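All remarks here apply to the structure that follows.
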Amino acid sequence: MKRTYKPLCTMLLSSALLYASNAAGSTVDWTPLLESWEDGCDQSEEWGDLRRNLVTYSGDSLYPDVNKIVLPAVYKEGLGEIDLFERNRDYSGYRLAAKNGEYYGLPVEGFVFYLGNSNGINVLLVEFSAPIADVQERLSSVEYSLVNHDSGPYQAQLITDEEAGKAMLMCDLSV
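Numbering of the sequence shown is given in this note's numbering, commencing with residue 861 and proceeding in unit increments.
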């Protein structure tokens, strides 16, 4: 009797390829985490934890220390490096790269934070890697409401940088 291992080999190879494609190509859906932005730039508990803990200030220093990412594992795995691109006495700007992530089906390139050093600047951006027209079309059906908070009225806004060909969703929570 002749034994054949072809079906077993085929099954193992198929399983390995399926696992590799799922592991490498799994997409993080940022929509549930950022859905609260639709309600006057409200911040979900997880997003608030990320923002508060990503950079902190030591002692009397005016310059932030970059810390570990505080998010549930499903989101944490969808993030890349932190780039501190602006660091001065008035405010700091940093960018958190996103890998394989989407917001309402649009590819997310990264998250940008501008935080003031004791001056009230607090701007959050979601950067998209899709063409501006695609972002505008997709998000036109999402309702971003204006809500009065203790520190003022806030509303998420879609902004564009035509020169760079970028569209970004912005929440300016500055006071």
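Even for Gly, the Cβ is constructed at its ideal location relative to N, Cα and C.
No experiment lies behind these values; they were computed from the predicted model shown.
Beta-bridge partners of residue i, as assigned by DSSP
| i | result |
| --- | --- |
| R955 | D943, V972 |
| Y938 | The residue asked about is misnamed: residue 938 is Gly in this sequence, not Tyr. Paired residue(s): none; G938 is not in a bridge. |
| L966 | Y963 |
| D925 | T916 |
| V1007 | Y1014 |
CA-to-CA distance, residue j to residue i, given in whole angstroms
| i | j | result |
| --- | --- | --- |
| L931 | R912 | 11 Å |
| L1006 | V926 | 32 Å |
| V968 | G919 | 35 Å |
| E906 | A958 | 16 Å |
| W890 | W897 | 12 Å |
| G980 | L956 | 21 Å |
| M1030 | V983 | 7 Å |
| K936 | A1016 | 23 Å |
Integer-rounded CB distance, given that residue j should sit under 8 Å from residue i
| i | j | result |
| --- | --- | --- |
| L1018 | A1027 | 6 Å |
| S952 | L939 | That pair is no contact at about 18 Å. |
| G965 | V888 | Between V888 and G965 the Cβ distance is about 13 Å, and since that is not below 8 Å, they are no contact. |
| Y1014 | C901 | 4 Å |
Assigned secondary structure, residue i (DSSP; H/G/I helix, E/B strand, else coil)
| i | result |
| --- | --- |
| T916 | strand |
| V986 | strand |
| A1016 | coil |
Nearest to residue i (by Cα), restricted to the options the options
| i | options | result |
| --- | --- | --- |
| E987 | D902, P892, L893, T1020 | T1020 |
| R947 | D1010, N960, P924 | P924 |
| G976 | S904, L999, S921 | S921 |
| E1022 | L893, V1035, Q996, H1009 | Q996 |
| L910 | F971, R998, S1011, E895 | F971 |
Residue i beta carbon near the ligand FMN (any heavy atom closer than 6 Å)
| i | result |
| --- | --- |
| S1000 | No copy of the ligand FMN appears in this structure; indeed no ligand is present at all. |
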